[in-house]
Amino acid sequence: LCPPGLQPLCSRAQVWGRSARRHPGLLLAQSRAFSNNKILVELDEGAGVATVKFKSPPVNSLSLDFLTELSISLEKLENNRACRGVIFTSAIPNVFSSGLDITEMCGKSTEHYAEFWRAVQRMWLGIYGSNMVTIAAINATGGCLVALSCDYRIMADNPKFYIGLNESQLGIVAPFWFKDTFVNVVGHRIAERSLQLGTLHPAPEALQLGIVDELVPQEKLQDKAAAVLAQWLALPDHARQITKSMMRKSVLDRLVTHQEEDVQHFVSFTAKESIQKSLRKYMEMLSKKKG
Amino acid sequence: LCPPGLQPLCSRAQVWGRSARRHPGLLLAQSRAFSNNKILVELDEGAGVATVKFKSPPVNSLSLDFLTELSISLEKLENNRACRGVIFTSAIPNVFSSGLDITEMCGKSTEHYAEFWRAVQRMWLGIYGSNMVTIAAINATGGCLVALSCDYRIMADNPKFYIGLNESQLGIVAPFWFKDTFVNVVGHRIAERSLQLGTLHPAPEALQLGIVDELVPQEKLQDKAAAVLAQWLALPDHARQITKSMMRKSVLDRLVTHQEEDVQHFVSFTAKESIQKSLRKYMEMLSKKKG
Amino acid sequence: LCPPGLQPLCSRAQVWGRSARRHPGLLLAQSRAFSNNKILVELDEGAGVATVKFKSPPVNSLSLDFLTELSISLEKLENNRACRGVIFTSAIPNVFSSGLDITEMCGKSTEHYAEFWRAVQRMWLGIYGSNMVTIAAINATGGCLVALSCDYRIMADNPKFYIGLNESQLGIVAPFWFKDTFVNVVGHRIAERSLQLGTLHPAPEALQLGIVDELVPQEKLQDKAAAVLAQWLALPDHARQITKSMMRKSVLDRLVTHQEEDVQHFVSFTAKESIQKSLRKYMEMLSKKKG
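Below, the structure written as structure tokens:
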């Protein structure tokens, strides 16, 4: 199953897959970049580390295509024994990710809404349930769900960068598994207030609330992410993976058990005329801001 | 069903009810106070904001009458589409609320204990499950359960004002839903220690532990509460309400499912001679303090 | 059932048991020490306070013998109405406890692993579920599980002393009930990170993360523990005990319900050759450090 535009990833999988790991002599280089449309993956097999860079201009929206490519990239890395840790970051200056792509939820068919939501679920299940060590190097505004699903979050120390789950500002509702992920990071009280208000927190506040683990100057972000990842990789994989699974299993299982219900709930909510109106209004506001 | 002393509220409901909201021309004034014995409600329909003031001297104890009036007032506001947010505060200087009225639990019939406890449950279900934005403007000592059940807590910045759930100091036990509410605000550890010791925390400590969200000078408390409420009301109601319900549903459901069990448990515990003795001792201590 | 080496404790139980409490005239002294091999218990019946001192050189490892003696000592105290509170501390300078004794998990029979694990469970059920007030006076490095299971944790203020659950550094995994205990103290996020990394936190960091409740100078530790215990004992026992049980019941029940499953899981995991290899490696590293 190889959707158009993902050929490089797919052929890589065939060349670099399990057989590649068993026969490293087949590899042309230890470190090498492969790319598709919206996600750039740099894998350093020597270090066991991949950097997954978002490069979907203008704002790395979590569109259906973006989500699908991200999930496929991750699944390849997950199955690659040479990869033990992943850093997520953005290749676009001043934008990490704008979050869910509203155009995917507006004026489309219910089938489209369902397909989109399954792609959001798949991405979250992939990151939150990853056996690899996952680090978010949040080099600009946004991307709260991706970041919250990682093992560790480092953000560029700039009060002009924001992070948060702002669904309620758009008149929509973060699903229970966004909420569970958020609560597991910051606790019930902070999540309750932040989700109700749809707050986008400036970086210093995000640190104070525990949404991110540390702030570092922008120019040191990638080095710091690599250093933190190296610390985590110093631990034996097996015990760490079982421990991670023990911490996250109940929240992961809750979505897995209710996955199709959750899709149907999203579709029927999104298709409501009142919600469509609210989303159109929000998009108009955004386009005026830019104009 | 219109208990004596609540006529103003009830007639208001008939005049100002749903039909009033549909025909604002019928209203004589946009803002108007109505009162009963122990609760003063000021509703500003223009702003969509009600202030609920406790005025049951000497210490705003949560007596059966107080609780019943508070619940009826809230239910009226809940059903009034013109009201989107509520501020709880006290009309009595230096007292917010002394908490559960011990005289209702001492030397009375088991029927009375049951009626009292149902009134406590009803109040909590009303505030914790409210669709409105709820702000506690804690202008003096006390009132922890009401405050913890709100969306946001502002306390007068005075170390002589205290807040906490002190049941265990009286030899009685906070029920599981007080505990769940407390844990959802401050986390398991702080709740465990505070509930075991029945600590009344001075305002600065309450802030530090997360029992309240901010402290402001006494004279700015009401303005601050109004300003915070306005921020919350800037959000679309529907998404905020669903989000709030998602955060609180499991804790609310737990009481709803075990409501009658919880009443019976309270009654049989309270009716024990050892507990009655302990409560009498506590009341004697209180009356000596005053004398 | 009186295992060899525990005679003093057992005969004390017969002499000082329930009948002793009913006939205090039988007691030779109000305060008196009794000892066995690895645990020293000092009971001050006047104050209702016992001090349980770990004295199993060199490092107070939680060996099968140590755990059994600790559990028996605790069960005696639990059944002694004259004892309302316990302070856990170490009689060995610069060591509180090194945690689980790895030699019990390495190169032994599966029957031995099962017996060892049941002893760990028994100790935890005894401390975490104790009706007494439990205070950890952590006068040196280690002992995280014992400490986390107490009602209050005081640690000597020395950055050279460490505390944490470092299982994953050994290639093994803390069981779900260690995790539940940890989460109840520090919340999900801190537990998730600390357990994955198997971090041993220096005392100041342990305070900051909430792993311990306060730091005091080494020489004031025992006095401070006694003072804190006295505060807790000022509360009526019954209400405090019910409150404590309400806070901890779901976590205790989870192990009780899955106790034998948990033993079997531990045995089959521990008996794996890969785990045995990892433990041998860790022991070699430790012995090199010492050498």
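Residue numbers (full-length UniProt numbering), protein chains in the order written: chain A, 1 to 291; chain B, 1 to 291; chain C, 1 to 291.
Glycine is no exception: its CB is placed at the ideal position from the N, C-alpha and C atoms.
- The residues Y162, G164 and N166, in chain order, have a CB closer than 6 Å to that of L200(B) in the same chain once the five nearest residues on each side in sequence are set aside.
- Sixteen is the threshold: when 16 or more other Cβ atoms of the shown chains lie within 10 Å of the Cβ of S56(B), as they do, the residue is buried.
- Against chain A, the CB of V173(C) has a partner CB under 8 Å away; the residue lies at that interface.
- At a C-beta separation below 8 Å, R189(B) has these neighbours in chain C: N184, V185, V186, G187 and G210.
- Under the three-pair Cβ rule at 8 Å, the segment 108–120 of chain C counts as touching the segment 260–279 of chain C.
- The contact set of K244(B) on chain A, defined by CB atoms closer than 7 Å, consists of Q196 in chain order.
- Within the segment 37–98 of chain C, the complete beta strand (DSSP E) runs of at least 3 residues fall at 39–44, 49–54, 85–90 and 95–97.
- Out of K38(C), D101(C) and D44(C), the CA that lies nearest to the CA of S73(C) is found in K38(C).
- In this structure, the CA atom of L125(A) is about 23 Å from the CA atom of V228(A).
- Taking all protein chains shown into account, G171(A) has 16 or more neighbouring C-beta atoms within 10 Å of its C-beta and is therefore buried.
- Note on geometry: alpha-carbon atoms of D213(B) and S149(B) lie some 13 Å from one another.
- Taking the Cα positions, P202(B) is about 18 Å away from V59(B).
- Residue burial is scored here from C-beta neighbours: P175(B) has at least 16 other C-beta atoms within 10 angstroms and is therefore classed as buried.
- L286(A) sits away from W177(A), with the two beta carbons spaced by 8 Å or more.
- By the CB criterion at 8 Å, V146(B) and F88(B) fall inside the cutoff.
- Between the alpha carbons of S97(C) and V120(A) lies a distance of about 47 Å.
- One alpha carbon belongs to S61(A), the other to Y282(A), and they sit about 15 Å apart.
- The three-state secondary structure of M246(A), taken from DSSP, is helix.
- Chain B has no Cβ within less than 8 Å of the Cβ of W124(C).
- What D151(B) touches in chain A, judged by beta-carbon distance under 9 Å, is E192, R193 and Q196, going in chain order.
- The Cβ atoms of S71(A) and R118(A) lie no closer than 8 Å to each other.
- Contact annotation for Q169(B) against chain C: L235 [CB-CB distance below 7 Å, chain order].
- Rounded to whole angstroms, the separation of the alpha carbons of T134(B) and G143(A) is 30 Å.
- Under the DSSP assignment, M155(A) falls in the beta strand (DSSP E) whose first and last residues are Y152 to A156.
- Contact with chain A is absent for A230(B), since none of that chain's Cβ atoms lies less than 8 Å from the residue's Cβ.
- Bridge partners of I138(A) according to DSSP: M155(A).
- Of all residues in the segment 260–283 of chain A, only S274 and S278 place a beta-carbon less than 8 Å from a beta-carbon of chain B.
- Excluding the 5 residues flanking it on each side, D101(A) has same chain C-beta neighbours closer than 7 Å at S61, L62 and S63, in chain order.
- The alpha carbon of R248(B) has as its nearest neighbour, out of N131(B), D223(B), A82(B) and E260(B), the alpha carbon of N131(B).
- Taking a Cβ-Cβ cut-off of 8 Å, the neighbours of H238(B) in chain A comprise G171 and S274, given in sequence order.
- Linking H258(A) to G198(A) through their CA atoms gives a straight-line distance of about 24 Å.
- Interface annotation for the segment 86–97 of chain C against chain A: empty, criterion Cβ-Cβ distance under 8 Å.
- The DSSP-derived three-state label of I163(B) is strand.
- In the structure shown, the three-state DSSP call for V263(B) is helix.
- Distance from the Cα of V185(B) is smallest, within the candidate group L43(B), V251(B), K220(B) and K288(B), for V251(B).
- Under the three-state reduction of DSSP, L209(A) is assigned to helix.
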